[in-house]
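Below is one structure; the comments refer to it alone.
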Amino acid sequence: MKGATLLSGAPSSIPAAYWSAERQALRDATREFAMKEVLPLANRLDPVQGEIPMSLRDQLAKMGYFGILIPEQYGGLGLGIVEYVLITEELARAWMSVASIIARGNGLGAGFTSEMRERLLPRMARGECLGAFALSEPDAGSDVASIRCRAERDGDHWVINGQKMWCTFADGADFLLLVARATPYDPANRHAGIAQFFVEKPRGSFPEGISGTPMRKVGYHGWKTWELSFDNFRIPLGNILLPRRDDEDAAEAADKGGFKRAMKALSSARVHTAARSIGLARGALEDSIAYMQQRIQFGRPIGDFQYLRFKVADMATQIEAARRLMYSVADDLDHDRSCDVEASMVKLFASEMSERVTSDGIQIHGGAGYTSDYPVERYWRDARLTKIFEGTSEIQMRIISDAHLPRPKS
Ligand SMILES: Cc1cc2nc3c(=O)[nH]c(=O)nc-3n(C[C@H](O)[C@H](O)[C@H](O)COP(=O)(O)OP(=O)(O)OC[C@H]3O[C@@H](n4cnc5c(N)ncnc54)[C@H](O)[C@@H]3O)c2cc1C
């Protein structure tokens with residue numbers, strides 16, 4: 058596997074407004090780790106669809122990456138979204154799946170009860186307890202409000218029945234964050250009764266009542282993505298994750314807050330996806346710059362040809378624009394400033410940019426870019442996904458346009 062091994066890379070700044078010596082040091086340490094430990098593994102394992110090794114997961118845990126957002130009192134780093142995206146960009150530059158797996162500690166504890174926070178957050182920060190998110194269904198992707206997976210109350214338990222699609226890491230996770238209906242589907246009030254449930258499971262397998270089939274995907278290798286069936290699977294009544302009083306009926310609480318909670322989790326994940334997109338695009342840029350200086354055509358390095366030089370200028374400009382928007386939205390999130398629409402904007406802009414820039418990277422590599430001898434094709438395959446998951450580009454456009462125009466009549 059060929060490709061860039063540079064540690065400093067092309068210019069990629071922390072914008073001055075968000076710069077500090079601590080953030081610079083964090084970025085440098087993560088960059089070194091990503092380029093030395095993650096990139097060689099990605100280059101070796103992605104072409105054979107190998108899984109992220111446990112030894113790398115242990116290293117990620119040691120670096121504290123599963124607990125960036127987890128408060129220090131629970132053993133996390135207690136940092137903010139700015140640091141989270143900074144680290145994510147560096148890891149994604151090496152392997153997007155690794156930049157994604159850190160979210161399985163950082164991103165899934167928001168709805169925990171205080172008892173679960175005490176019990177689980179320290180283990181999540183250490184990478185010992187990681188989750189998978191089971192929201193999408195065969196007939197419910199963008200249209201989340203049409204989910205049909207059902208949680209029915211039976212004494213002290215919820216009984217889960219239904220199908221889930223696209224559940225990445227369902228096998229390797231220690232728990233599933235399952236979105237299901239606590240009340241029957243009501244076409245007149247489709248959001249009612251949608252709730253999140255905490256499903257504890259053994260790492261590496263599925264318990265009785267859950268079965269899974271891995272999906273065949275184009276990229277995002279390093280872990281599997283599953284279609285899941287729940288067949289009379291039982292979980293304790295208290296495993297519904299909502300801000301509710303102890304004496305409040307769980308199904309009633311689901312009516313009040315479940316849908317909003319699921320949507321909020323998706324919204325903050327969008328900035329993380331922007332960081333993943335930017336990391337991939339940067340990989341394409343850095344590798345292209347290296348290749349342009351080595352590859353000779355017409356008796357000179359192809360980096361002398363102005364058209365390709367201008368392509369590099371365009372790639373670098375697009376990346377920097379996305380990065381600055383990303384830091385601005387991350388900072389808004391850290392300061393509790395409302396930025397849902399801006400989170401959609403940065404997800405849309407960064408993922409569309411990433412597919413264009415990684416495709417340009419392939420073009421700069423010529424035929425070599427269309428082989429798995431160079432990682433640039435992997436960056437493109439993974440960048441392609443960033444336009445689809447965490448809300449497709451069209452759904453982001455819908456959110457953004459709805460904020461600017463009256464909604465069309467249904
Ligand atoms: C590799 C991979 C990993 C994933 N991991 C997970 C995971 O871990 N957990 C999980 O829950 N999900 C996961 N997903 C699912 C992902 O979030 C969905 O694929 C995504 O939300 C889109 O849903 P869909 O595939 O059903 O497409 P659909 O919703 O069927 O969309 C099809 C097309 O219609 C467009 N469209 C739909 N509605 C509108 C509209 N109102 N206006 C305009 N256009 C519209 C879409 O933009 C798209 O172009 C993953 C998906 C993939 C591919």
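Following the numbering used here, the numbering of the sequence shown begins with 58 at its first residue and continues without gaps.
Glycine included, each C-beta is placed from N, C-alpha and C at the ideal position.
Under DSSP, the alpha helix (DSSP H) around residue i begins and ends at which residues?
{"i": "R293", "result": "Note on residue identity: the sequence assigns Pro, not Arg, to residue 293. Unbroken run through P293 is the beta strand (DSSP E), T282 to P293; no alpha helix (DSSP H)."}
{"i": "Q81", "result": "A78 to F90"}
{"i": "A182", "result": "S171 to A182"}
{"i": "I251", "result": "Segment I251 to E257 is the beta strand (DSSP E) holding I251; no alpha helix (DSSP H) there."}
{"i": "A149", "result": "I138 to A151"}
{"i": "G418", "result": "D397 to H422"}
{"i": "G188", "result": "No alpha helix (DSSP H) contains G188, which is instead part of the beta strand (DSSP E) from G188 to A191."}
{"i": "A470", "result": "Residue numbering for the chain in the displayed model covers 58 to 467; residue 470 lies beyond these limits and cannot be assessed."}
{"i": "L165", "result": "From DSSP, L165 is part of no alpha helix (DSSP H); its letter is neither H nor E."}
{"i": "T443", "result": "V433 to T443"}
Less than 7 Å separating the Cβ of residue i from some heavy atom of ligand 1?
{"i": "K404", "result": "no"}
{"i": "P258", "result": "In the sequence on display, residue 258 carries Lys and not Pro. No; taking the cut-off as 7 Å, the Cβ of K258 has no heavy atom of ligand 1 nearer than that."}
{"i": "I452", "result": "yes"}
{"i": "S70", "result": "no"}
{"i": "R455", "result": "yes"}
{"i": "G219", "result": "no"}
{"i": "A379", "result": "no"}
{"i": "D277", "result": "The sequence as given places Tyr at residue 277; Asp does not occur at that position. Y277 Cβ: within cutoff of ligand 1."}
{"i": "G124", "result": "no"}
{"i": "K274", "result": "yes"}
{"i": "S325", "result": "no"}
{"i": "D162", "result": "For clarity, residue 162 is Gly in the given sequence; the question names Asp instead. Not so, every heavy atom of ligand 1 lies at least 7 Å from the Cβ."}
{"i": "A191", "result": "yes"}
{"i": "T449", "result": "yes"}
{"i": "T225", "result": "yes"}
{"i": "L442", "result": "yes"}
{"i": "S199", "result": "yes"}
{"i": "A254", "result": "According to the sequence provided, residue 254 is Phe. The question's Ala does not apply to it. Incorrect: F254 has no Cβ contact closer than 7 Å to ligand 1."}
{"i": "I359", "result": "no"}
{"i": "F446", "result": "yes"}
{"i": "T330", "result": "no"}
{"i": "T282", "result": "yes"}
By the DSSP assignment, the beta strand (DSSP E) with residue i in it spans what residues?
{"i": "H214", "result": "H214 to T225"}
{"i": "D211", "result": "R207 to D211"}
{"i": "S268", "result": "I267 to P271"}
Is residue i helix, strand or coil by DSSP?
{"i": "S325", "result": "helix"}
{"i": "R238", "result": "strand"}
{"i": "P104", "result": "helix"}
{"i": "A99", "result": "helix"}
{"i": "T62", "result": "With a pLDDT of 46 at T62, under the threshold of 50, the predicted position of this residue should be treated as unreliable, though the coordinate-derived value follows. Three-state DSSP puts T62 in coil, outside helix and strand."}
{"i": "I109", "result": "coil"}
{"i": "F263", "result": "coil"}
{"i": "L134", "result": "coil"}
{"i": "F362", "result": "coil"}
{"i": "D459", "result": "helix"}
{"i": "E185", "result": "coil"}
{"i": "L233", "result": "strand"}
{"i": "R380", "result": "helix"}
{"i": "R394", "result": "coil"}
{"i": "R357", "result": "strand"}
{"i": "I297", "result": "strand"}
{"i": "G279", "result": "coil"}
{"i": "D312", "result": "Any reading at D312 needs caution, since the residue's pLDDT is 46, under 50, leaving its predicted position unreliable; the model's value is listed next. In the structure shown, D312 sits in a helix (DSSP, three-state: H, G or I)."}
{"i": "D228", "result": "coil"}
{"i": "F446", "result": "coil"}
{"i": "D430", "result": "coil"}
{"i": "W335", "result": "It is Ile, not Trp, that sits at residue 335 in the sequence shown. Reduced to three states, the DSSP call for I335 is helix."}
{"i": "R464", "result": "coil"}
{"i": "L126", "result": "coil"}
May I ask whether a heavy atom of ligand 3 can be found less than 7 Å away from the beta carbon of residue i?
{"i": "C206", "result": "As far as ligands go, the structure on display features ligand 1 and does not contain ligand 3."}
Checklist line | contact_flag[the segment 267 to 282, the segment 98 to 106] where n(CB pairs < 8 Å) is 3 or more | finding: In this structure the segment 267 to 282 touches the segment 98 to 106; the number of beta carbon pairs closer than 8 Å is three or more.
Check: Would you call the segment 422 to 430 and the segment 199 to 207 in contact, with 3 or more CB pairs under 8 Å?
Finding: By the Cβ criterion, the segment 422 to 430 is not in contact with the segment 199 to 207, since fewer than three pairs of Cβ atoms, one from each stretch, lie closer than 8 Å.
Notebook entry, point to check: Does the count of Cβ pairs from the segment 428 to 436 and the segment 370 to 390 closer than 8 Å reach three?
Noted result: At 8 Å Cβ cutoff, the stretches do not touch.
Check: Within the chosen definition, does the segment 344 to 359 reach the segment 440 to 452 through at least 3 CB pairs nearer than 8 Å?
Finding: For the pair of segments examined, the segment 344 to 359 was found not to touch the segment 440 to 452: the number of CB pairs separated by less than 8 Å stays below three.
Check: Would the segment 167 to 183 and the segment 144 to 159 be scored as touching if the rule is three or more Cβ pairs under 8 Å?
Finding: Remark: fewer than three beta-carbon pairs, one from each stretch, lie closer than 8 Å, so the segment 167 to 183 and the segment 144 to 159 are not flagged as touching.
Notebook entry, point to check: Okay, do the segment 164 to 177 and the segment 406 to 418 touch, 3+ Cβ pairs below 8 Å being the bar?
Noted result: Segments in contact, no.
Notebook entry, point to check: How do the segment 337 to 347 and the segment 451 to 458 stand: do at least 3 beta-carbon pairs fall below 8 Å, yes or no?
Noted result: The segment 337 to 347 is not in contact with the segment 451 to 458.
Next item on the list: Could you tell me whether the segment 286 to 299 touches the segment 207 to 216, where touching means 3 or more Cβ pairs closer than 8 Å?
Entry: The segment 286 to 299 makes contact with the segment 207 to 216; the number of CB pairs closer than 8 Å reaches 3 or more.
Next item on the list: Could you say if the segment 225 to 244 and the segment 258 to 265 meet the contact criterion of at least three C-beta pairs nearer than 8 Å?
Entry: Taking 8 Å as the limit for Cβ pairs, the verdict is that the segment 258 to 265 does touch the segment 225 to 244.
Check: Are the segment 325 to 336 and the segment 144 to 155 touching, with three or more C-beta to C-beta distances below 8 Å?
Finding: Contact annotation: the segment 325 to 336 touches the segment 144 to 155, with at least three C-beta pairs closer than 8 Å.
Checklist line | Contact between the segment 372 to 381 and the segment 69 to 89 (3+ Cβ pairs under 8 Å) | finding: Enough Cβ pairs lie closer than 8 Å, so yes.
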